[in-house]
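See structure below.
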Amino acid sequence: MIAFIRALKVLTRVDSCCFKSKFYRKDLIDELKIFGMSSRHHIDDFMRGRIIGKIEEWRKITDVAREFDITHSVVSRLWKSFKTTGMCSRRHGGGRVRSTTPAEDRYIVLSAKSNRRTTA
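Structure follows, in structure tokens:
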């Protein structure tokens with residue numbers, strides 16, 4: 035428990051100092067994982083399939099979440115989306131809508147290369 039408190043104090047010190055390297059901070063986050071604290075990461079499709087398979091075997095969502103070291107809400111949302119859609123893949127396409135087409139992009143690059151002195 036003392037090592038856990040020490041790691042938390044060092045981690046907060048690293049967060050407050052903007053000049054520390056990211057690698058040092060990553061090592062401390064990995065050290066906190068030893069104590070059961072997980073960081074945010076995406077679940078790959080294979081892991082999603084394993085989670086769905088465990089729940090289909092009539093295992094409790096809390097047990098599956100504990101086994102994979104994922105929060106209960108993530109597993110619950112995954113199961114809910116699988117029941118409604120029948121798929122367990124991630125949602126893509128949440129970005130901004132493109133304003134130019136690929137053909138317009140090629141034309142802009144071509145005109146910028148041919149007329150180097152013109153401005154936007």
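This note's numbering runs 34 ahead of the 1-based position in the sequence shown.
Glycine residues also receive a C-beta, built at the ideal position from the N, C-alpha and C atoms.
All figures in this text were calculated on a predicted structure; none of them were measured in a lab.
With 16 other CB atoms within 10 Å as the buried threshold, where does residue i fall?
i	result
Lys94	exposed
Val131	exposed
Arg111	exposed
Arg82	buried
Output the boundary residues of the alpha helix (DSSP H) element that contains residue i.
i	result
Asp139	Pro136 to Ser148
Asp90	Sequence check: residue 90 is Glu here, not Asp. Counting along the chain, the alpha helix (DSSP H) containing Glu90 begins and ends at Asp79 to Glu90.
Helix, strand or coil: which one does DSSP assign to residue i?
i	result
Asp97	helix
Asp103	coil
Thr153	coil
Val109	helix
Just to confirm before moving on: does the CB-CB distance between residue i and residue j stay below 7 Å?
i	j	result
Ile89	Val98	yes
Ser123	Asp78	no
Open item on the list: Tell me whether the region 90 to 104 and the region 126 to 144 touch, counting them as touching only if at least three CB pairs, one residue from each stretch, are closer than 8 Å.
Closed with: no
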